[in-house]
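Colleague: Count along the sequence shown from 1, add 38, and you get the number used in the numbering used here.
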Amino acid sequence: MRMRKSVIFLVYLLLSSYLNVGFVGFSKVSAQGNLVFYDDFNDNSLDTAKWTEDMAGSGNTYSEENGEAHFTTYGHRTGSYTTEHAFLRSEIIQINGWDSVTFSGRWKFTDPGTAEMWFRVYDSDTGNYIGVRYISWTSTIAYDRPEGTVTESRNAPKEYTPFKLVLKRDGFEFWEGGELVKNFSTVGMKNASHFRIVIGGWDDSPKKSHIYFDRMEVSYEPNVLPTTVSPSGTTSETHTKTSPEARESTSDSTGKTCGPGVVALLAALIAAKRR
Ligand SMILES: [Ca+2]
Ligand SMILES: [Ca+2]
Numbered sequence: 039m040r041m042r043k044s045v046i047f048l049v050y051l052l053l054s055s056y057l058n059v060g061f062v063g064f065s066k067v068s069a070q071g072n073l074v075f076y077d078d079f080n081d082n083s084l085d086t087a088k089w090t091e092d093m094a095g096s097g098n099t100y101s102e103e104n105g106e107a108h109f110t111t112y113g114h115r116t117g118s119y120t121t122e123h124a125f126l127r128s129e130i131i132q133i134n135g136w137d138s139v140t141f142s143g144r145w146k147f148t149d150p151g152t153a154e155m156w157f158r159v160y161d162s163d164t165g166n167y168i169g170v171r172y173i174s175w176t177s178t179i180a181y182d183r184p185e186g187t188v189t190e191s192r193n194a195p196k197e198y199t200p201f202k203l204v205l206k207r208d209g210f211e212f213w214e215g216g217e218l219v220k221n222f223s224t225v226g227m228k229n230a231s232h233f234r235i236v237i238g239g240w241d242d243s244p245k246k247s248h249i250y251f252d253r254m255e256v257s258y259e260p261n262v263l264p265t266t267v268s269p270s271g272t273t274s275e276t277h278t279k280t281s282p283e284a285r286e287s288t289s290d291s292t293g294k295t296c297g298p299g300v301v302a303l304l305a306a307l308i309a310a311k312r313r
């Protein structure tokens, strides 16, 4: 009878030991970024909590239809985008303690020829911005940053193409069609925490152009580096950023805390046998 109780207790120990391992296994750190802004434009009505229309000059319009954001631009030969454009300006997107921020979406410029298609990210506190513009009449792409604009030869996508702009503390990357197109250094946005994005375009020639955006998304990777103060008083970072794989192996090694449990189980078994 005493032996049976011991066996039941051992089974209990065994089960709790395995359950413990199971729970440790589930506590892996997510490798996903944190989504802070999203619009798929699918309800064919502008979400005015997320966007403000900014139209200048007759013939410049925005419409949300067919599940996409559609801009029509038309110019009046003023020579300045400030008086002829079709933009959507986002709400302020607040992100504190970021390691990187990713601004992504899909875009197309179905009749490039006389307009500029814009994607721009502002730091609303300083007015600094980074962004990408397709200047269709010269078949160039312009990368804007506080340190100056750089242009290169590149054609705007006529079919929907995914793009993203990844902001880091010391630069930004422009990706299109899943490929890294450009990598820039810039420190003008490194302290930004209130972001505003601008999508749309402008045209100087009296000809209608059509620009489309869809599935706009903003997500970020948090800066999770813990800091400690050493005896000398200097602050140092104790951890380098871990990859998902490294986190997993850390988690697995934590899982091995079941080791002492198994040892205790064996000791209890031996003790029970002796009885
Ligand atoms: Ca909508
Ligand atoms: Ca859509």
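Every residue, glycine too, gets a C-beta built ideally from N, C-alpha and C. No experiment lies behind these values; they were computed from the predicted model shown.
1. For N80 and A107, what's the separation of their Cα atoms in angstroms?
2. Compute the Euclidean distance between the alpha carbons of A194 and A180, then round it to the nearest angstrom.
3. Since Y330 and E154 should fall inside the 8 Å C-beta cutoff, what is the C-beta to C-beta distance between them, to a whole number of angstroms?
4. How many angstroms separate the CA atom of Q132 from the CA atom of S257?
5. Using the three-state DSSP reduction, which class does G198 fall into: helix, strand or coil?
6. Under the rule that 16 or more other beta-carbon atoms within 10 Å means buried, what is V188, buried or exposed?
7. With burial defined as no fewer than 16 other Cβ atoms inside 10 Å of the residue's Cβ, what is the status of G105: buried or exposed?
8. Indicate the three-state DSSP secondary structure (helix, strand or coil) for S101 in the structure shown.
9. D182 bridges to which residues according to DSSP?
10. Taking only the alpha-carbon atoms, compute the straight-line gap between T121 and G95 and give it to the nearest angstrom.
11. Would the stretch 111-127 count as touching the stretch 83-95 if we require 3 or more Cβ pairs under 8 Å?
12. Is L84 near ligand 1, in the sense that its beta carbon is under 7 Å from a heavy atom of that ligand?
13. Going straight from the alpha carbon of T199 to that of R144, what length do you get?
14. For E286 and T86, what's the separation of their Cα atoms in angstroms?
15. Measuring alpha carbon to alpha carbon, tell me which residue in V262, T148, N98 and V74 is nearest F251.
16. Under a criterion of Cβ closer than 7 Å to any non-hydrogen atom of ligand 2, which residues qualify, in chain order?
17. Output the boundary residues of the beta strand (DSSP E) element that contains N72.
18. Just to confirm before moving on: does the CB-CB distance between D315 and P260 stay below 8 Å?
19. Would you say the stretch 219-228 touches the stretch 163-172, given that touching needs at least three Cβ pairs under 8 Å?
20. According to DSSP, is Y250 part of a helix, a strand, or is it coil?
21. For S162 and T90, I'd like the C-alpha separation in whole angstroms.
Modeller: By the coordinates alone:
1. As a position in the sequence shown, residue 80 is number 42, starting the count at 1. As a position in the sequence shown, residue 107 is number 69, starting the count at 1. Each residue's alpha carbon lies about 9 Å from the other.
2. In the sequence shown, the residue the question calls residue 194 occupies position 156. In the sequence shown, the residue the question calls residue 180 occupies position 142. So the two alpha carbons sit approximately 11 Å from each other.
3. Lying before the first or after the last residue shown, residue 330 is absent from the chain, which here runs from 39 to 313.
4. One-based indexing of the sequence shown puts residue 132 at position 94. One-based indexing of the sequence shown puts residue 257 at position 219. Taking the straight line from one Cα to the other gives about 11 Å.
5. Numbered from its first residue, the sequence shown carries residue 198 at position 160. Correcting the residue identity first, residue 198 is Tyr in this sequence and not Gly. If DSSP states are grouped into helix, strand and coil, Y198 belongs with coil.
6. Position 150 of the sequence shown, counted from the first residue, corresponds to residue 188. It is exposed - the Cβ of V188 has fewer than 16 other Cβ atoms within 10 Å.
7. Sequence index remark: in the sequence shown, residue 105 carries index 67 (1-based). Counting every other CB atom within 10 Å of its CB across the protein chains shown gives G105 a total below 16, marking it as exposed.
8. By 1-based counting over the sequence shown, the position of residue 101 is 63. Residue state, collapsed to three classes: strand.
9. Along the sequence shown, one-based indexing puts residue 182 at 144. According to the DSSP secondary-structure assignment, D182 is paired through a beta bridge with G169.
10. Walking along the sequence shown from the start, residue 121 turns up at place 83. Walking along the sequence shown from the start, residue 95 turns up at place 57. Their Cα atoms are separated by approximately 6 Å.
11. Short answer: they touch.
12. On the sequence shown, residue 84 is found 46 positions in, with the first residue counted as 1. Because some heavy atom of ligand 1 lies under 7 Å away, the Cβ of L84 counts as near it: yes.
13. Walking along the sequence shown from the start, residue 199 turns up at place 161. Walking along the sequence shown from the start, residue 144 turns up at place 106. Looking at the backbone, the Cα of T199 and that of R144 are separated by about 5 Å.
14. For the purposes of this step, residue 286 is taken as the residue at position 248 of the sequence shown. For the purposes of this step, residue 86 is taken as the residue at position 48 of the sequence shown. Because the pLDDT at E286 is just 38, under 50, the model does not fix this residue reliably, and the value given afterwards should be weighed accordingly. In this structure, the CA atom of E286 is about 41 Å from the CA atom of T86.
15. For the purposes of this step, residue 251 is taken as the residue at position 213 of the sequence shown. The candidate whose alpha carbon is nearest that of F251 is T148.
16. Counting only beta-carbon distances shorter than 7 Å to the non-hydrogen atoms of ligand 2, the qualifying residues in chain order are D78, F79, N80, G105, E106, D252 and R253.
17. Start at 1 with the first residue of the sequence shown, and residue 72 comes out as number 34. Where N72 is concerned, the enclosing beta strand (DSSP E) stretches over N72 to D77.
18. The structure shown does not extend to residue 315, since the chain spans only 39 to 313, so no value can be given for it.
19. Yes: at least three Cβ pairs fall under 8 Å.
20. The residue given as residue 250 occupies position 212 in the sequence shown. Per DSSP, reduced to three states, the secondary structure at Y250 is strand.
21. As a working mapping, residue 162 is identified with position 124 in the sequence shown. As a working mapping, residue 90 is identified with position 52 in the sequence shown. Approximately 15 Å, taken between the alpha carbons.
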